[in-house]
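All remarks here apply to the structure that follows.
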Amino acid sequence: MVGGRVLFTDSTQLKANANKHKYTRKTIEQDTQNYIKDLNEAIQEDREEHGKKPLPAKEEVKAEKEIRHSTTDPESGYMYCENKPEGFFYLDHRTTDMKYNIITDAYVTPGNVHDSVPYLDRLDHEITLFGFQVEAVTLDSGYLTAPICKGLSDRQIFGVIAHRHTYILNN
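With positions in the sequence shown counted from 1, the corresponding number in this note's numbering is that position plus 1.
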C-alpha cells in the first residue's frame, strides 16, 4: 500500500498550551549548520583536485540569539509569521506517500524551529526504517533552502519545491 517512490512533506502549527504574554527572554547559542562544514570540505577537496593550496581554517563563530521561553510550556517555541497567529506553538512535520496518501512520518518540533532544519534527517530516517527507494519529494516553500537542495541532489532525489511569493497582489 505504500510505494515510497514519491513523498510529500509539509508542516502545520499546533497551538501550545501557553499564554503568549508569560515568558522569559533567554539567550541561546545557534548551532552551525552541518551544511557549512560539508561545503567547506567540498571546497577543500575541489582545491586539492585542481592543485591549489588549501584555504586557511577559519575560526568558528558562535552566534547567539535571544528567544522567548514560555514559563507555562517550556518545550514550545515562540512563532511569528506575517498573516499567521503569533504565540507559542509546535510544528507537526508530516510526510505522506503519493500512492494512497498514507502518513509515513510525523515529527514534532518547537514552533521556533525552521521547517528545513529536521527535514533531511527525517527523510534519512524514513529511507532507513522502511527501505524506501525515493525518487522524488514535493515540499512546501519553507523547505526551499540550499542545504536541502544539496542534500536531495546528493541522495539523487528529484525535488519539487514551491517558491515563495515575494510580491503582494493588489486588487
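Cβ atoms here follow ideal geometry from the backbone N, Cα and C, with glycine treated the same way.
Are three or more beta carbon pairs between the segment 95–104 and the segment 67–85 nearer than 8 angstroms? no
So for Tyr-24, helix, strand or coil by DSSP? strand
Assuming Gln-31 and Lys-66 form a contact by the criterion Cβ under 8 angstroms, report the distance between their Cβ atoms to the nearest whole angstrom. 5 angstroms
Between Phe-133 and Lys-16, how many whole angstroms is the CB-CB distance? I'm expecting something under 8 angstroms. Actually they do not touch by this definition, with Cβ atoms about 32 angstroms apart.
Would you kindly report the start and end of the unbroken alpha helix (DSSP H) that includes His-126? 120–131
Residues in the same chain with beta-carbon distance under 8 angstroms from Tyr-144, minus the five sequence neighbours each way, listed in chain order, please. Thr-10, Asp-116, Ser-117, Tyr-120 and Ile-162
Cβ-Cβ distance between Ala-137 and Val-7 below 8 angstroms: yes
Drop a sphere of 10 angstroms on the beta-carbon of Pro-57, count the other beta-carbons inside from all chains shown, and report buried for 16 or more, exposed for fewer. exposed
Who are the Cβ neighbours of Lys-85 in its own chain at under 8 angstroms, not counting the five residues just before and after it? Gln-14
Could you please give the first and the last residue of the uninterrupted beta strand (DSSP E) stretch that includes Lys-66? 64–71
Reducing DSSP to helix, strand and coil, say where Ile-29 ends up. strand
CA-CA distance, Thr-110 and Arg-165? 22 angstroms
Within this structure, are the beta carbons of Gly-112 and Lys-21 separated by less than 8 angstroms? no
Give a yes or no on whether the C-beta atoms belonging to Asn-104 and Val-135 are separated by under 8 angstroms. For clarity, residue 104 is Ile in the given sequence; the question names Asn instead. Their beta carbons are not under 8 angstroms apart, which means Ile-104 does not touch Val-135 by this criterion.
Short check: CB of Thr-27 to CB of Ser-71, under 8 angstroms? Sequence check: residue 27 is Lys here, not Thr. No, Cβ-Cβ distance for Lys-27 and Ser-71 is not below 8 angstroms.
What does DSSP give as the partner residues of Tyr-91 in its beta bridges? Leu-15 and Pro-111
Own chain, CB closer than 7 angstroms to Lys-63, minus 5 neighbours either side, in chain order: Glu-30
Please report the straight-line C-alpha distance between Lys-38 and Thr-25, rounded to a whole angstrom. 33 angstroms
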